[in-house]
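Undergrad:
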Amino acid sequence: MDIVTIDFETYYDKEYSLSKITTEEYVRSDQFECIGVSVKVNDNPGDWYSGTDVGGFLNGLDYSNKAILCHNTVFDGAILSWRYGIKPKLWLDTLSMARPTCGVTVGGSLARLVLHFRLGEKGTEVIQAMGKHRKDFTPAELKAYGSYCINDGDLTYKLFKKLALGFSTVEMMVIDQVIRMYTEPQLELDRFALREHLAGVKAKKAKLLATLGDGDPEVAKQVLMSNPKFAALLDRLGAEAPTKISPRTGKEAFAFAKTDPGLLALLDHPNPAVVSVTEARMGIKSTIEETRTERLIGVSERGPLPIMLNYYGAHTGRFSGGDKLNLQNIPVRQGNAIRRAILAPEGHVIVAGDSSQIEARILAFLAKQHDLVEAFREGRDVYTEFAATVYGISRAAVTKEQRFVGKTCILGLGYGMGWEKFTGTLALGGIKVDEHEAKRIVYLYRDRYPAVPGLWQTFNSTIGDMVAGRDGLLCDLLPVDTNGILLPNGMRLKYNALRARDKGYEYISDARVFRKFITCKITDDDPNELAWTKIYGGKVTENVVQALARIVVSEQMVAMGQAGLPVLLQVHDENVTVSVTEQADTVKQVVERIMSTPPSWAPTLPTACEVGVGPSYGEAK
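Positions in the sequence shown are counted from 1; adding 2 to them yields the numbering used here.
1. What is the rounded straight-line gap between the Cα of H73 and the Cα of F388?
2. Consult DSSP for I8 and reduce its assignment to one of helix, strand or coil.
3. Compute the Euclidean distance between the alpha carbons of S19 and D587, then round it to the nearest angstrom.
4. From the DSSP output, which residues share a beta bridge with W93?
5. Which one of D49, L345, N61 and S358 has the shortest CA to CA distance from Q558?
6. Could you compute how far the alpha carbon of D478 sits from the alpha carbon of Q371?
7. Say whether the stretch 588-596 touches the stretch 549-569, bearing in mind that this needs 3 or more beta-carbon pairs closer than 8 angstroms, one atom from each stretch.
8. For L235, which three-state DSSP category applies?
9. Thinking C-alpha only, which one of S556, G614, N577 and V569 is nearest N601?
10. Per the DSSP calculation, V384 is bridged to which residue(s)?
11. Just the C-alpha distance for I247 and A316, rounded to the nearest angstrom, thanks.
12. Would DSSP call P529 helix, strand or coil?
13. Tell me L512's beta-bridge partners as DSSP assigns them.
14. Helix or strand or just coil, what does DSSP make of Y1?
15. Restricting to runs no shorter than 4 residues, where is the alpha helix (DSSP H) found entirely within the stretch 286-348?
16. Considering only DSSP beta bridges, list what S618 is partnered with.
17. Below 6 angstroms CB to CB, which residues in the same chain sit around G620 once its five sequence neighbours on both sides are set aside?
18. Which term fits K91, buried or exposed, when burial requires 16 or more other beta carbons within 10 angstroms of its beta carbon?
19. In terms of residues, what are the limits of the alpha helix (DSSP H) holding C411?
20. If we count the other Cβ atoms within 10 Å of its Cβ and call it buried at 16 or more, is T425 buried or exposed?
21. Report, in whole angstroms, the separation of the C-beta atoms of P308 and E26, which I expect to be a contact under 8 angstroms.
22. Spatial neighbours of P272 within its chain, please: CB distance less than 6 angstroms, with the 5 preceding and 5 following residues excluded, ordered by chain position.
23. Run through the DSSP bridge pairs and tell me what H350 is partnered with.
24. List in chain order: all unbroken alpha helix (DSSP H) runs of 4+ residues lying wholly within the stretch 439-496.
25. Short check: CB of E11 to CB of Y147, under 8 angstroms?
26. Out of curiosity, what's the CA-to-CA distance linking Y509 and Q572?
27. So what does DSSP say about F34, is it helix, strand or coil?
28. Is the Cβ-Cβ distance between V225 and L235 less than 8 angstroms?
29. Report the rounded CA-to-CA distance for V578 versus G456, giving the unit in angstroms.
30. Which residues in the same chain as H350 place their Cβ atom closer than 7 angstroms to its Cβ, once the five residues preceding and following it in sequence are excluded?
31. Does DSSP put Y51 in a helix, in a strand, or in coil?
32. Report buried or exposed for G474, applying the criterion of at least 16 other Cβ atoms within 10 angstroms of its Cβ.
33. Quick check on Q572: does DSSP put it in helix, strand or coil?
34. Can you tell me which residues form a DSSP beta bridge with E2?
35. I'd like the list of long-range same chain contacts for R136, defined as Cβ closer than 7 angstroms, with 5 residues on each side in sequence excluded.
36. Thinking C-alpha only, which one of M174, M132 and T535 is nearest K16?
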C-alpha cells in the first residue's frame with residue numbers, strides 16, 4: 003500500500019487559530035483557507051501546491067488503496083475529509099504512534115520527536131504568516147513556505163518509518179478507527195434539546211446563587227468560589243470545613259473538590275443550610291456541563307458530531323477526550339440529557355455495545371480467583387451475590403442500594419482501596435457508611451476473594467524485579483523486564499525512573515507518566531527532584547487490568563470496523579455504531595458476537611456484552 007504524507011499550511015490570525023478555537027470549529031469555519039499543501043508519495047520527493055484548485059491537485063491521486071500519513075492527522079484528516087471529500091483506505095498518525103513509544107518525557111511536537119530520533123532538523127517558518135491570506139504572499143514567500151512544508155512532510159515520513167518498527171498492525175488499525183471517528187462523523191445532535199437543557203442548567207445555577215449573597219449573585223459567587231470564604235460560611239453554620247493533605251505541597255488543605263469524601267459528607271449534614279450551601283458550591287464550581295452543552299450546540303449548527311479521542315491518552319493506553327468536549331466523562335446522572343441529544347442519522351438507529359464488567363472480569367482472571375471467574379462465565383449477578391454476603395441476607399432480598407454497595411466492592415476494592423476512599427466512593431452514590439462498617443466490608447471482600455490480595459503481592463514483587471533488572475513472566479501472560487511490562491498488543495506498561503525508596507520497602511516513579519508535566523513532588527529530600535508518585539502492587543494491578551481492558555475493547559472496535567460497522571463513538575468500555583433501522587436486530591447480533599468473543603491472547607477470559615438499540619445514544623445505553 004502506498005503511503006501519502008500530507009501537510010497543510012492554512013490561514014490563521016490572533017483569534018482564528020487552533021490556540022483559540024477547537025479543530026472542528028477551525029476547519030468548518032467560513033474563515034478557513036488553504037495557503038498550500040505538501041504531498042509526498044512513499045520515498046519520492048514531496049510536491050508543494052499553493053494554487054487555488056487545491057481539491058483538484060489533491061484528487062489527482064486515487065486514495066482507495068492508499069494510506070494517508072500526517073503528524074496530528076485529526077487536523078489534516080479533517081481538512082481532507084470535510085473540505086475535499088478524501089477518505090483513504092487507512093489513516094496513519096505519527097503523533098498517535100509517538101505517545102506509547104516515547105511517552106510524555108519526549109513530547110509530541112514534530113520538532114522534539116525528530117530531534118529525539120536524530121532524523122534531521124525541523125525548519126522554522128521563514129516568513130510571517132499570521133493574518134496573511136494566500137493573495138498576500140509574494141511568490142518568493144510562497145516558495146519558502148513550500149520548502150518548509152515539504153521538509154515537514156519528509157520528517158514525518160522518516161519518523162513514521164522509525165516508529166513503525168515493532169508497532170503492531172492491530173494498533174495501526176486502532177489509530178485508523180480513532181481518526182475516522184473524527185474525520186468521518188455520522189452522529190447528529192438535537193440542538194433544540196440541547197438548548198432546553200442549557201436553559202435548565204442556567205436556571206438551576208441562578209436558583210442556587212439566589213440562596214446566598216442577600217440576593218446579589220456576584221457576592222454569592224465570590225463566597226462559593228473562594229475556599230477561605232466558603233470555609234468561613236460553613237463555620238458560621240456550625241459545620242467544620244473538611245481538609246486533606248495536598249499531594250502538591252504535602253500540607254493540609256481544604257477538601258473542597260467535588261469528589262472529596264469530606265465535601266460529599268456535607269450533603270448528609272443534619273443542618274439543611276449546610277446541605278444547601280454545599281450543593282450551591284458544587285453547582286457553581288461545576289461549569290463543565292454548561293460549557294460542554296454550549297459547545298455541542300455550536301457543533302450542531304456546523305455539521306455532524308466528530309468524536310476526538312487521544313490515542314494512548316493515558317498511561318495505561320486508555321483513550322482521553324479532546325476538542326474541549328471530552329464525551330469520556332459525561333456524568334452518569336446529570337449527563338443523560340446530553341446522551342439523549344446524540345442522535346443516529348435519519349433512517350438509522352444507534353447500536354451501543356458495552357463490554358460488561360470487563361475490568362472486574364480481567365482482574366478475576368489474572369488473579370485466578372476461580373469461583374469469581376465461573377460466576378462471570380455463568381452470567382450470574384456477582385454484585386447481588388456479594389451484597390448478599392455483605393448484609394447476610396438472601397439474594398432475593400438485596401435492595402437497589404445494597405446492590406450498589408456490592409457493585410462498588412467488585413469494581414473498586416480489587417486494587418487495594420482502603421476504607422476511607424471506599425467511604426467516599428459510596429458517598430458519590432448517595433450511600434453513607436461509618437468507619438467501622440467500611441472497614442468490615444473492605445476486609446470481608448479480601449477474605450472472600452483471597453487470590454486478589456495475592457495478586458497485589460505478586461505485582462509488588464514484579465516492581466522489585468523491574469528495579470533489579472530481573473526478567474520474568476507475570477500471570478503466565480505478561481513478560482517483565484527493566485523496560486516494563488510487555489502487553490499483548492506489543493506496547494509496554496512503563497514506569498519511568500522507577501526506583502526503591504526507604505530501604506526498598508517502597509517504590510516510586512516519575513509522576514509525569516501519570517500526570518503530564520506536573521511540578522509537584524512527594525519528597526523534600528531534593529528541591530530540584532522531579533515529581534514522584536508511589537508505585538505499589540495494587541497500583542500496578544490496576545494499571546495492568548486497565549491496560550488489558552483497553553486492548554480488549556480496542557480489538558473489538560477493530561473487529562466491528564472489519565465487519566462493516568465502524569465505531570462512531572467510544573466511551574470507556576462502550577463501542578457505538580449505527581444501523582439502518584430495518585437491520586437493527588441483525589447488527590445487534592453481530593455486535594453481541596464480536597464483543598462477547600474473548601481475545602486470542604486470553605481465550606478463557608469470561609467476556610460478555612450488553613447491547614442497546616435506540617434512536618439516541620441515551621436511549622440505546
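Every residue gets a Cβ at the ideal spot worked out from N, C-alpha and C, and that includes glycine.
TA: Reading it off the structure:
1. H73 and F388: Cα-Cα distance of roughly 49 angstroms.
2. Strand.
3. Cα to Cα, the separation comes out at about 45 angstroms.
4. When beta bridges are read from the DSSP output, W93 appears opposite I70.
5. For Q558, the nearest C-alpha among the options comes from S358.
6. Between the C-alpha atoms of D478 and Q371 there is a straight-line separation of about 15 angstroms.
7. Taking 8 angstroms as the limit for Cβ pairs, the verdict is that the stretch 549-569 does touch the stretch 588-596.
8. Three-state result, L235: helix.
9. Strictly speaking, residue 601 in this sequence is Pro, with Asn absent from that position. Per the Cα distances, S556.
10. In the DSSP output, where bridge partners are listed per residue, V384 has none listed.
11. About 25 angstroms.
12. Note on P529: pLDDT 41, under 50, position unreliable in the model; no value is reported.
13. The sequence shown places Asp at residue 512, not Leu. In DSSP, D512 forms a bridge with W534.
14. Since the first residue of the chain shown is 3 and the last is 623, residue 1 is not available in this structure.
15. For the stretch 286-348, whole alpha helix (DSSP H) runs of length 4 or above, ordered along the chain, are 290-302 and 338-342.
16. L345.
17. Cβ within range, chain order: N338, R341 and R342.
18. K91 is exposed by the Cβ-count criterion.
19. Where C411 is concerned, the enclosing alpha helix (DSSP H) stretches over K402 to G414.
20. The residue in question, T425, is buried, as its Cβ has 16 or more Cβ neighbours within 10 Å.
21. Indeed, because the Cβ distance is near 5 angstroms, the residues count as touching under 8 angstroms.
22. The beta carbon of P272 is closer than 6 angstroms to none in its chain, skipping five residues each way along the sequence.
23. The bridge partners DSSP lists for H350 are V582.
24. The qualifying runs are 453-470.
25. Contact flag set, yes.
26. Distance from the CA atom of Y509 to the CA atom of Q572, rounded to whole angstroms, is 34 angstroms.
27. Coil.
28. Yes, Cβ-Cβ distance for V225 and L235 is below 8 angstroms.
29. V578 and G456 have their C-alpha atoms spaced approximately 36 angstroms apart.
30. The answer, listed in chain order, is V580, S581, V582 and T583.
31. Here Y51 sits in strand by DSSP.
32. Flag for G474 reads exposed.
33. In the structure shown, Q572 falls within a strand segment according to DSSP collapsed to helix, strand and coil.
34. This structure does not reach residue 2, given that the chain is present from 3 up to 623, and the question cannot be answered.
35. Answer for R136: E35, I37 and S52, listed in chain order.
36. Of the candidates M174, M132 and T535, the one whose C-alpha sits nearest the C-alpha of K16 is M132.
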